[in-house]
């Protein structure tokens, strides 16, 4: 399966298993979603369970919160993460806090899916990586898969989760793995082992990172598209790195990270989002607090530049394998 | 206030004016066709929303504008830029992401601006430009002039909450803003019926005390006539006005949209029976305002302008790497020591 098919399969499975689940968003029903993630679901489950909304991000989030407070399991789509800002008020001040401020009377088991990240020439309003805006909010969970297999298992776990989950889908990975080399021929998921996705129900628990490559020389922390950039940079440099795909950013799997950094003594953090106040800053703080006495070199991060995502200079902006390799060299030489 | 439907009338403009509208619409049509070709050749990347079919809307309204009026629109913006007199070369070079584009390649198809032409941008986020339009109008009212702001948005954006927050404020403060709803009947892949509770969007202004009317957007003269009335209302200090202009886009929402949510016949019928450029052409010929030769000469002139813009956009250099960090702050703020 592609990641698109895997996500669709997760929603299909959950619609079939749990009648509390409904799927909605802009162009999601009749049209099947701009990235086709919900194609065919309205036909299969009807307009009552899979439906279109107007272009109203704020009300999409707000309605989902109301449904969730009533015990439904809404799974809403925001068409691009860049469109979520009108919904941010609802997500941060309503979804994230309703459990706390109602003393547990009302909860918010909702999932909001949104395509994130760059690499598709989307420019400044279709390429952003806003994960840190969500990880900063107590009460939310934040997930970002990097493979079809993980996408399905994590989305099912998100829909089943008793708390609000922001589910960020790296859209450059929808149709195949991407290591940051835009000049190479695109690859599909068919050749990748993680493209082998069962049709049936399975779940991958939130809060568990995945060690994508074991290694002894340094630990690379990445998520989404940057996992593949890390793999490529490791191949290019020949450094025996351990690559950890975080998968869930909040709650963070600090145990897996700690075990790895204690072993390697070195750490590199990668993300597409801008550097200042990016999630990398949080990761570095956690690692130095947990592993300070094991560190042999300063922790380095390779990120998007502190600039709006450009239209014309995407590949100067996107932190590709060359920059990741420079980051590896910097950590190793210290 | 009465909300009424406008019907197409006999030409109330001179032959020369009508010829100008024909020329302006044709420029948009040919420019967009060329942009579509360049997209197909890989010279334009990412998102690109063509205005083909909707030309009469912006050309008819620009015919009602005076010096120093403002305009702001959404991401289907190339037509607005050409109609207000921006240089096709600079627009095309922005589409190809080059140094000589209006935003030096930083903005792309959806984000271009011209201070000289009082064009306050294409905006990529649906509905987000509408409050900005009221702010532009506020500034003109504050300064005590009689300038008007044309604030364009689509039927999809018309369901955004911020549109209604803006309607209320614009009416409350009697701002000189014409809200132009370009109703092309499809919000990306979702038809108006699937997303909108009441079909006459212009009537929603009644709740705020804003007069409005429905306009035939396939006839440039109908648009101009309705625009004149709206603009006169605003210039007289009577506050905002809503024009819901029924139009149609022939192409997909963007270049990656196969437009499977409507039938081929529906598009074909609109092209054959309602095309704004063909209608203008008929009026020119039957009114004997232009001969076939005159129109051929216009065709030729437009073709040359569009071809020159495409050549310019291909030849213009890629922006320098430093451009990534210019115009983020007034003075450059140093980046952290990045790898």
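Residue numbers (full-length UniProt numbering), protein chains in the order written: chain X, 1 to 334; chain Y, 1 to 339. The beta-carbon is built from N, C-alpha and C at its ideal position, and this holds for glycine as well.
If you draw a straight line from the C-alpha of residue i to the C-alpha of residue j, how long is it?
{"i": "residue 62 of chain X", "j": "residue 316 of chain Y", "result": "47 angstroms"}
{"i": "residue 55 of chain Y", "j": "residue 203 of chain Y", "result": "24 angstroms"}
{"i": "residue 86 of chain Y", "j": "residue 102 of chain Y", "result": "9 angstroms"}
{"i": "residue 208 of chain Y", "j": "residue 161 of chain Y", "result": "14 angstroms"}
{"i": "residue 125 of chain X", "j": "residue 303 of chain X", "result": "18 angstroms"}
{"i": "residue 317 of chain X", "j": "residue 104 of chain X", "result": "44 angstroms"}
{"i": "residue 148 of chain Y", "j": "residue 217 of chain Y", "result": "20 angstroms"}
{"i": "residue 24 of chain X", "j": "residue 248 of chain Y", "result": "26 angstroms"}
{"i": "residue 220 of chain Y", "j": "residue 280 of chain Y", "result": "7 angstroms"}
{"i": "residue 129 of chain X", "j": "residue 305 of chain X", "result": "12 angstroms"}
{"i": "residue 228 of chain Y", "j": "residue 82 of chain Y", "result": "20 angstroms"}
{"i": "residue 164 of chain X", "j": "residue 12 of chain X", "result": "20 angstroms"}
{"i": "residue 128 of chain Y", "j": "residue 223 of chain X", "result": "31 angstroms"}
{"i": "residue 107 of chain Y", "j": "residue 305 of chain Y", "result": "23 angstroms"}
{"i": "residue 399 of chain Y", "j": "residue 244 of chain X", "result": "As displayed, chain Y neither begins before 1 nor continues past 339, which places residue 399 of chain Y out of reach and without an answer."}
{"i": "residue 46 of chain Y", "j": "residue 271 of chain X", "result": "22 angstroms"}
{"i": "residue 201 of chain X", "j": "residue 125 of chain Y", "result": "36 angstroms"}
{"i": "residue 36 of chain X", "j": "residue 296 of chain Y", "result": "44 angstroms"}
{"i": "residue 327 of chain Y", "j": "residue 308 of chain X", "result": "10 angstroms"}
Mind checking whether residue i and residue j have CB atoms under 8 angstroms apart?
{"i": "residue 187 of chain X", "j": "residue 177 of chain X", "result": "yes"}
{"i": "residue 176 of chain Y", "j": "residue 210 of chain Y", "result": "no"}
{"i": "residue 38 of chain X", "j": "residue 28 of chain X", "result": "yes"}
{"i": "residue 91 of chain X", "j": "residue 69 of chain X", "result": "no"}
{"i": "residue 246 of chain X", "j": "residue 3 of chain X", "result": "no"}
{"i": "residue 257 of chain X", "j": "residue 221 of chain X", "result": "yes"}
{"i": "residue 148 of chain X", "j": "residue 6 of chain X", "result": "yes"}
{"i": "residue 297 of chain X", "j": "residue 331 of chain X", "result": "yes"}
{"i": "residue 158 of chain Y", "j": "residue 74 of chain Y", "result": "no"}
{"i": "residue 32 of chain X", "j": "residue 96 of chain X", "result": "no"}
{"i": "residue 321 of chain X", "j": "residue 229 of chain X", "result": "yes"}
{"i": "residue 261 of chain Y", "j": "residue 191 of chain Y", "result": "yes"}
{"i": "residue 55 of chain X", "j": "residue 187 of chain Y", "result": "yes"}
{"i": "residue 92 of chain Y", "j": "residue 134 of chain Y", "result": "no"}
{"i": "residue 272 of chain Y", "j": "residue 183 of chain Y", "result": "no"}
Helix, strand or coil for residue i, going by three-state DSSP, please let me know.
{"i": "residue 299 of chain X", "result": "coil"}
{"i": "residue 85 of chain Y", "result": "coil"}
{"i": "residue 271 of chain X", "result": "strand"}
{"i": "residue 3 of chain X", "result": "helix"}
{"i": "residue 44 of chain X", "result": "helix"}
{"i": "residue 100 of chain Y", "result": "coil"}
{"i": "residue 44 of chain Y", "result": "coil"}
{"i": "residue 114 of chain X", "result": "strand"}
{"i": "residue 282 of chain Y", "result": "helix"}
{"i": "residue 142 of chain X", "result": "strand"}
{"i": "residue 202 of chain Y", "result": "helix"}
{"i": "residue 242 of chain X", "result": "strand"}
{"i": "residue 56 of chain Y", "result": "helix"}
{"i": "residue 222 of chain X", "result": "strand"}
{"i": "residue 129 of chain X", "result": "coil"}
{"i": "residue 13 of chain Y", "result": "coil"}
{"i": "residue 169 of chain X", "result": "strand"}
{"i": "residue 5 of chain Y", "result": "Confidence is the limiting factor: at residue 5 of chain Y the pLDDT is only 44, short of 50, which leaves the residue's position unreliable and the question unanswerable from this model."}
{"i": "residue 186 of chain Y", "result": "strand"}
{"i": "residue 85 of chain X", "result": "helix"}
{"i": "residue 269 of chain Y", "result": "helix"}
In the DSSP assignment, what residue or residues form a beta bridge with residue i?
{"i": "residue 52 of chain X", "result": "X:25"}
{"i": "residue 255 of chain X", "result": "The partner list for residue 255 of chain X (beta bridge, DSSP) is empty, contrary to what the question assumes."}
{"i": "residue 244 of chain Y", "result": "Y:181 and Y:214"}
{"i": "residue 77 of chain X", "result": "X:25 and X:113"}
{"i": "residue 328 of chain X", "result": "BP columns for residue 328 of chain X are empty, so no partner."}
{"i": "residue 304 of chain X", "result": "X:274"}
Can you tell me whether residue i is buried or exposed, with buried defined as 16 or more other CB within 10 angstroms of its CB?
{"i": "residue 232 of chain X", "result": "buried"}
{"i": "residue 172 of chain Y", "result": "exposed"}
{"i": "residue 252 of chain X", "result": "buried"}
{"i": "residue 329 of chain Y", "result": "exposed"}
{"i": "residue 18 of chain X", "result": "exposed"}
{"i": "residue 95 of chain Y", "result": "buried"}
{"i": "residue 71 of chain Y", "result": "buried"}
{"i": "residue 332 of chain Y", "result": "exposed"}
{"i": "residue 24 of chain Y", "result": "buried"}
{"i": "residue 292 of chain X", "result": "exposed"}
{"i": "residue 120 of chain Y", "result": "buried"}
{"i": "residue 321 of chain Y", "result": "exposed"}
{"i": "residue 275 of chain Y", "result": "buried"}
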